[in-house]
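Take 104 as the starting number for the sequence shown in the numbering used here and just add one per residue. Every residue, glycine too, gets a C-beta built ideally from N, C-alpha and C.
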Amino acid sequence: MTTLTRGNWPTLLRLAFALLVGALLAGGARAETDDMHILIGSYTHDSDSPGILRLRFDPATGQIDPKPVQTLTSDNPSWLVLDDKRGRLYATNENGPAHADPVGRVSAWQLDSSSEHQLIGQNISLGDEPTHASLSHDGRYLFISNYGSRPNPGGSLAVMPLAEDGHPLPVTQILAHQSSGVHPERQRSAHVHSAVPSPDGKRLLVSDLGADRVFVYRYDPQNSERPLQADEPASIELPPGSGPRHLVFHPNGKHAYLALELSAQVASFDYANGTLTRRQLLDLKSAGSDVRHSPGAIHSSADGRFLYVSDRGDYNHIVAFAIEADGTLREIQRRPSEGREPREFAITADGRFMLIANQLSDELVVIRRDPDSGKLGEKLQTLTVGRPSDIKLLAPN
């Protein structure tokens, strides 16, 4: 046992100081390690963005470091797909006839938390303006939504196999749909806007804005040339002129929610074995209003208690819903997005923050969120980003 005497005070003080410094350094190291990285996709044809920004986000304060950790130079990487299991990133290069590079493509990178992400490869999507992509549950295929703004040939769904190292291989299957023709400008042809695997990975649900339908395909990875086959029923019909855009599943897999861009509505469904049974059709636009609404992104909270929809056009709000026990929706809040054209948003894993990509005001906004009530609170930060289009969150290092 050490006896405290006047003679050994300097030694004890030096020891205490060393312990304090060590604790502070360790705490600083933990704070840095606990930082998240976020990936921001963008449109480059009408902005000064280089493509994809990799930024550091502090989950304790909700602040984004404006200095990029890395920039990935890429043309119009408007939609990002993370393969967390294999540590890869895919981006749709939403090129089309009006751009310097008119060829739609998909690019792939290997993710590395300790150094720079490395480009794996690239391939063409065999369609104009690939606006969305998703990964099969087994990681073998990308399902690419070629929006296709030109009436001829219009949009299509492309199936792109992936090599074992993640390199995008040539498209093996193209699926096209018949348009509804209801909207004189937006529905002259098919416009595939998203394709989402079912919770069990056995089916693919494809929202076609130009056809007013959600098409359902069975996924058979053993059929390498045609891994998608029409299910029975082959599609779910939606109200004429409604324009389905993005569909998301509830975390329990029993319910689904769909943003209808042209009619400014949100639909809720029960889901079982490839069948969507509609429960609700909710208007985002007030009766008689002249304000232009345009639903875009749609996501649920990780706990499955709340759903959020970005409403663009002239409205520029985030609309929040509580999800009832039976999966139906109850509106609880409308909050301005703090910018123009909130194309996408993301909620942090702890539910305390929402990050919003306001495309036309060139801004990334961080807003506080209450995980218990689901309501959105104060704005914490605005960061200038050229034409942001998508946000993906990477886990802490």
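Would you decide whether residue i is buried or exposed? Buried here means 16 or more other CB atoms lie within 10 Å of its CB.
| i | result |
| --- | --- |
| Asp-429 | exposed |
| Pro-200 | exposed |
| Gln-368 | buried |
| Gln-276 | buried |
| Asn-419 | buried |
| Asp-465 | buried |
| Asn-461 | buried |
| Asn-255 | exposed |
| Ala-498 | exposed |
| Pro-205 | exposed |
| Ala-333 | exposed |
Less than 9 angstroms between the C-beta atoms of residue i and residue j, yes or no?
| i | j | result |
| --- | --- | --- |
| Asp-414 | Gly-391 | no |
| Gly-258 | Gly-304 | no |
| Pro-153 | Asp-137 | no |
| Leu-486 | Pro-169 | yes |
| Lys-495 | Gln-436 | no |
| Leu-331 | Val-262 | yes |
| Ser-239 | Tyr-322 | yes |
| Leu-363 | Pro-342 | yes |
| Val-422 | Leu-379 | no |
| Leu-385 | Glu-441 | no |
Quick one: what's got a C-beta closer than 8 angstroms to residue i's C-beta in the same chain, skipping five residues either side?
| i | result |
| --- | --- |
| Ala-405 | Pro-354, Ile-450, Ala-452 and Gly-454 |
| Pro-474 | Ser-404, Asp-406, Asp-453, Gly-454 and Arg-455 |
| Asp-151 | Gly-489 |
| Gln-221 | Trp-212, Gln-213 and Asp-215 |
| Arg-408 | Ala-425, Ile-426 and Gly-477 |
| Val-285 | Asp-315, Pro-343 and Gly-344 |
Since residue i contacts residue j with CB under 8 angstroms, what's their CB separation in whole angstroms?
| i | j | result |
| --- | --- | --- |
| Tyr-320 | Arg-306 | 6 angstroms |
| Gly-242 | Arg-316 | At roughly 28 angstroms, the Cβ-Cβ gap does not stay under 8 angstroms, so Gly-242 and Arg-316 are not in contact. |
| Leu-185 | Leu-175 | The pair is not a contact, with the Cβ atoms about 13 angstroms apart (cut-off 8 angstroms). |
| Leu-432 | Leu-410 | 6 angstroms |
| Ile-227 | Ala-236 | So it is not a contact: roughly 13 angstroms between Cβ atoms. |
| His-349 | His-396 | Contact flag wrong, Cβ pair sits at about 15 angstroms. |
What does the alpha-carbon distance come out to for the pair residue i and residue j?
| i | j | result |
| --- | --- | --- |
| Pro-445 | Ile-459 | 6 angstroms |
| Leu-116 | Val-172 | With a pLDDT of 46 at Leu-116, under the threshold of 50, the modelled position of that residue is not reliable, and the figure given next carries that caveat. The alpha-carbon atoms of Leu-116 and Val-172 are separated by roughly 40 angstroms. |
| Arg-157 | Pro-302 | 29 angstroms |
| Gln-225 | His-140 | 24 angstroms |
| Val-351 | Ile-339 | 15 angstroms |
| Gly-356 | Gln-383 | 17 angstroms |
| Arg-159 | Leu-183 | 17 angstroms |
| Thr-207 | Asn-249 | The sequence given here places Gly at residue 207; Thr does not occur at that position. Near 8 angstroms, if we compare the C-alpha coordinates of Asn-249 and Gly-207. |
| Glu-335 | Leu-361 | 20 angstroms |
| Leu-365 | Ala-425 | 23 angstroms |
| Glu-447 | Ser-218 | 27 angstroms |
| His-202 | Gly-480 | 39 angstroms |
| Gly-346 | Ser-177 | 29 angstroms |
| Val-394 | Ile-155 | 33 angstroms |
| Ser-210 | Leu-272 | 11 angstroms |
| Val-469 | Val-309 | 31 angstroms |
| Thr-164 | Pro-439 | 21 angstroms |
| Glu-427 | Asp-268 | 42 angstroms |
| Arg-289 | Ala-375 | 31 angstroms |
| Gly-377 | Pro-264 | 23 angstroms |
| Arg-253 | Arg-291 | 9 angstroms |
| Asn-179 | His-148 | 7 angstroms |
| Pro-324 | Pro-287 | 38 angstroms |
| Ala-298 | Gln-166 | 32 angstroms |
| Arg-472 | Ile-401 | 16 angstroms |
| Val-412 | Pro-300 | 20 angstroms |
| Tyr-244 | Asp-187 | 15 angstroms |
| Asp-373 | Val-274 | 33 angstroms |
Sorry if obvious, but does the Cβ on residue i come closer than 8 angstroms to a heavy atom of the ligand PLP?
| i | result |
| --- | --- |
| Ser-177 | Absence of the ligand PLP is noted for the structure shown, with no ligands found whatsoever. |
Apart from the five residues just before and just after residue i, which ones in its own chain have a Cβ nearer than 6 angstroms to its Cβ?
| i | result |
| --- | --- |
| Ala-314 | His-280, Ser-282, Ser-283 and Ala-293 |
| His-270 | Ile-223 and Gly-224 |
| Leu-278 | Leu-260 |
Among residues of its own chain, excluding the 5 on either side of residue i, which ones have a beta-carbon nearer than 7 angstroms to its beta-carbon?
| i | result |
| --- | --- |
| Ser-181 | Gly-144, Tyr-146, Thr-195, Glu-197, Thr-234, Ser-492 and Asp-493 |
| Phe-318 | His-280, Val-309, Asp-311, Ala-337 and Ser-338 |
| Thr-326 | According to the sequence provided, residue 326 is Asn. The question's Thr does not apply to it. Taken in chain order, the list of residues that qualify is empty. |
| Arg-443 | Asn-419, Asn-461, Leu-463 and Ser-464 |
| Ser-371 | His-358, Tyr-360, Arg-382, Gln-383, Gly-430, Thr-431 and Leu-432 |
| Ala-266 | Leu-272 |
| Asp-417 | Val-394 and Arg-395 |
Beta-carbon of residue i versus every beta-carbon of chain B: anything under 9 angstroms?
| i | result |
| --- | --- |
| Gln-290 | Although the question refers to chain B, the structure presented lacks it and comprises just one protein chain. |
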